[in-house]
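Heads up: the structure comes next, in structure tokens.
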Amino acid sequence: MRNWSRNVKMCLSGGCLALYFLAVTGCAATQVKEVWKDETFQRGRMDNVLVIGVLKNDTARRTFESEFVKYFTSRGIAARESFRILPTGSLEGDEARDALVQKIKELGINAVLLTRVVGSRTAKETIPGMTITTGYGLPYGSYGAWGAYAGVGYSFPGPSQPTTQGYSHEDTFLVLETRLFDVKNEKLIWAAQSETRLSGAPQEEIKPYIRIIANRLFRDKLFP
Amino acid sequence: MKRYTGLLIVSLSLLASCAGTKLVAEWKDEAHQGYPKKIFVVGLSKEYGPRTLVEDEFVRQLKTRGSDAIASYAVLPGKEKPEKEAVLAKVQELGADQIIVVKFLKKEAGDTHTPLRRYAVPQGFDTSWDSYYGGVSGDVGIRDISYDYNVLTMETTLYDAVTRQPIWSALSQSTYQQGAVKQIKPFTSAIVGRLAHEKLVP
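Protein chains in written order, with this note's numbering: chain A, 92 to 315; chain B, 31 to 232.
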């Protein structure tokens, strides 16, 4: 009997956990679409990461890189924001790569985490208008009350038709790609592509995006 | 009459709620501590007039809070956008330890409206005695309310003049209906207020 009770409790808590997980992931603005990992990669080599966010806006870039650095640091891995060593505009042009390689060597960095926007798309959704009709003789607004029942004698000659206007809205999705490189051989070892639904300013999605991607990155056991 | 008063209140509150400056993104160097001694204020705008107004307002508000500040237009020659090296040289010459750069990014126009709302009531039933006798139509409603507005997107960055590293930055959007110049004071208040909140100015 006690075992049965314990099993029920476990099932219930498991169900609650699953529902919670479903609610959290189902509502998230960022959905990871694809993840690739180099299965031959040997874990444990990378402990000094340079975080690069290729974003047009400086505040967004700083927020993005600092959030990732915070995440790495909290897990005991040294990390550095690129904006501190490569100022605005230095991520563009032919000379950018050479400057980046030079800095990486100077600072003893052994992994580069690079995120960039690879595209965007819009999806239109149309919500049709709705009419709710109540039947003849049903009192408006006081259904179920004795007074209203008694008043049916002077009921309305036609049905009531509260209506809502149909409308359509467009959702914009930002496609982001985060890639992790091993500096030693300049090889790609991990990549994730995701879509983020923008419901406000794109900058508001930075922190949730990083939480999702960083969790995935650490789940794939790439760091010591 | 009551109906129109209600409509007016709704319209005014809609207009008031959308006006003002909102920080859409903010970044701060968590390691930074202490207040500046002197801030060099640079407004980056294509037009000289708005640049001087923005710089003057920042200087005024920073001084009110007890931080010494200098407007770049007052000490740098020419009406063109100041060159980075010229700014740094002047900053060093004047002994400023921080630089605040206010950059105009874009201006967008938009319009908004509340959708048409229609309250349907049964025919022959109305809200007052007079209209009960007079009316046969069933609909009582509010028409949609629409208005135009502009959104100015600005980026403000506070730099350490010695290390040349950013200390704080914010991306802001100012929504307004009247002239952009009228937004300078509330915009500056929002930014300087935020700097004070983050303990970056007194």
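Each residue gets a CB set at the ideal place from its N, CA and C atoms; glycine is no exception.
Report all residues from its chain with a CB closer than 7 Å to the CB of residue i; omit the five preceding and five following residues, and keep chain order.
| i | result |
| --- | --- |
| Arg152 (chain A) | Gly144, Leu146, Phe174 |
| Lys109 (chain B) | Tyr78 |
| Lys194 (chain A) | Ile176, Leu177 |
With C-beta atoms as the reference, is residue i less than 8 Å away from residue j?
| i | j | result |
| --- | --- | --- |
| Arg307 (chain A) | Val123 (chain A) | yes |
| Glu138 (chain B) | Val181 (chain B) | yes |
| Ser199 (chain B) | Thr186 (chain B) | yes |
| Thr213 (chain A) | Glu261 (chain A) | yes |
| Gln327 (chain A) | Ala55 (chain B) | For residue 327 (chain A) there is no data in the structure shown, the boundaries of chain A being 92 and 315. |
| Thr121 (chain A) | Tyr300 (chain A) | yes |
| Gln233 (chain B) | Ala191 (chain B) | Since the first and last residues shown for chain B are 31 and 232, residue 233 (chain B) lies out of range. |
| Val89 (chain B) | Ala101 (chain B) | yes |
| Trp281 (chain A) | Lys161 (chain A) | no |
| Phe159 (chain A) | Ala170 (chain A) | yes |
| Ile221 (chain B) | Asp59 (chain B) | no |
| Gly209 (chain B) | Tyr179 (chain B) | no |
Say whether chain A places a C-beta atom closer than 8 Å to the C-beta of residue i.
| i | result |
| --- | --- |
| Gln208 (chain B) | no |
| Ser199 (chain B) | yes |
| Glu56 (chain B) | yes |
| Pro112 (chain B) | no |
| Gln195 (chain B) | yes |
| Glu17 (chain B) | Absent from the structure is residue 17 (chain B), since the part of chain B shown begins at 31 and ends at 232. |
| Glu185 (chain B) | yes |
What does a CB cutoff of less than 8 Å around residue i pick up in its chain, not counting 5 residues either side in sequence?
| i | result |
| --- | --- |
| Val105 (chain B) | Lys120, Leu124 |
| Arg81 (chain B) | Gly73, Leu74, Ser75, Tyr103 |
| Leu289 (chain A) | Ala120, Asp262, Thr263, Phe264, Leu265, Glu296 |
| Phe309 (chain A) | Arg166 |
| Gln213 (chain B) | Thr51, Leu182, Ser204, Tyr206 |
| Tyr189 (chain B) | Gln128, Ile129, Ile130, Val131, Gln195, Pro196, Ile197 |
| Ser211 (chain A) | Thr263, Phe264, Leu265, Val266 |
With 8 Å as the threshold, decide whether the Cβ of residue i is near any Cβ in chain B.
| i | result |
| --- | --- |
| Gln284 (chain A) | no |
| Pro139 (chain A) | A small fix is needed here, since residue 139 (chain A) is Asn in this sequence, not Pro. Not one chain B Cβ lies under 8 Å of Asn139 (chain A). |
| Ala120 (chain A) | no |
| Asp262 (chain A) | no |
| Gln193 (chain A) | no |
| Arg175 (chain A) | yes |
| Ala292 (chain A) | yes |
Using only the alpha-carbon positions, how far apart do residue i and residue j sit?
| i | j | result |
| --- | --- | --- |
| Val126 (chain B) | Arg194 (chain B) | According to the sequence displayed, residue 126 (chain B) carries Ala and not Val. Cα to Cα, the separation comes out at about 12 Å. |
| Phe155 (chain A) | Trp57 (chain B) | 9 Å |
| Leu225 (chain B) | Pro66 (chain B) | 11 Å |
| Glu228 (chain B) | Thr255 (chain A) | 45 Å |
| Gln284 (chain A) | Phe264 (chain A) | 13 Å |
| Arg166 (chain A) | Asp185 (chain A) | 34 Å |
| Ala190 (chain A) | Glu197 (chain A) | 11 Å |
| Thr205 (chain B) | Lys133 (chain B) | 16 Å |
| Pro112 (chain B) | Val211 (chain B) | 21 Å |
| Pro315 (chain A) | Asn139 (chain A) | 11 Å |
| Thr222 (chain A) | Asp149 (chain A) | 49 Å |
| Gly257 (chain A) | Gln207 (chain B) | 29 Å |
| Thr95 (chain B) | Ile130 (chain B) | A small correction: the amino acid at residue 95 (chain B) is Arg; Thr does not occupy that position in the sequence shown. Their backbone Cα atoms lie some 15 Å apart in a straight line. |
| Val126 (chain A) | Met137 (chain A) | 19 Å |
| Glu49 (chain A) | Ser259 (chain A) | As shown, chain A starts at 92 and ends at 315. That puts residue 49 (chain A) outside it, with no answer to give. |
| Pro219 (chain A) | Arg302 (chain A) | 36 Å |
| Arg207 (chain A) | Lys278 (chain A) | 18 Å |
| Leu230 (chain B) | Lys298 (chain A) | 23 Å |
| Val192 (chain A) | Gly291 (chain A) | 36 Å |
| Arg63 (chain B) | Lys215 (chain B) | First, the residue type needs correcting, since residue 63 (chain B) is Gln and not Arg in the sequence shown. Their backbone Cα atoms lie some 27 Å apart in a straight line. |
| Val209 (chain A) | Leu313 (chain A) | 24 Å |
| Glu130 (chain A) | Lys215 (chain A) | 39 Å |
| Ala61 (chain B) | Glu172 (chain A) | 14 Å |
Identify, in the order they occur along the chain, each residue of the same chain with its Cβ nearer than 6 Å to the Cβ of residue i, setting aside the five sequence neighbours on each side.
| i | result |
| --- | --- |
| Leu177 (chain A) | none |
| Phe217 (chain B) | Thr51, Ser204 |
| Tyr177 (chain B) | none |
| Lys136 (chain B) | Thr183 |
| Leu201 (chain B) | Val54, Ala55, Glu185 |
| Asp98 (chain B) | Lys68 |
| Ala305 (chain A) | Tyr162 |
| Thr217 (chain A) | Ser259 |
Would the beta-carbon of residue i be found less than 7 Å away from any heavy atom of the ligand ATP?
| i | result |
| --- | --- |
| Glu115 (chain B) | Of ligands this structure carries none, so the ligand ATP is not represented either. |
Open item on the list: When you compare the segment 272-286 of chain A with the segment 202-214 of chain A, are there three or more beta-carbon pairs, one atom per stretch, that lie closer than 8 Å?
Closed with: yes
Open item on the list: For the structure I just gave you, are there three or more beta carbon pairs, one from the segment 85-97 of chain B and one from the segment 68-76 of chain B, closer than 8 Å?
Closed with: yes
Task: Residues, ordered as in the chain, of the segment 144-160 of chain A that lie near chain E by beta-carbon distance below 7 Å - done: Annotation note: the requested chain E is absent from the structure, which comprises protein chains A and B.
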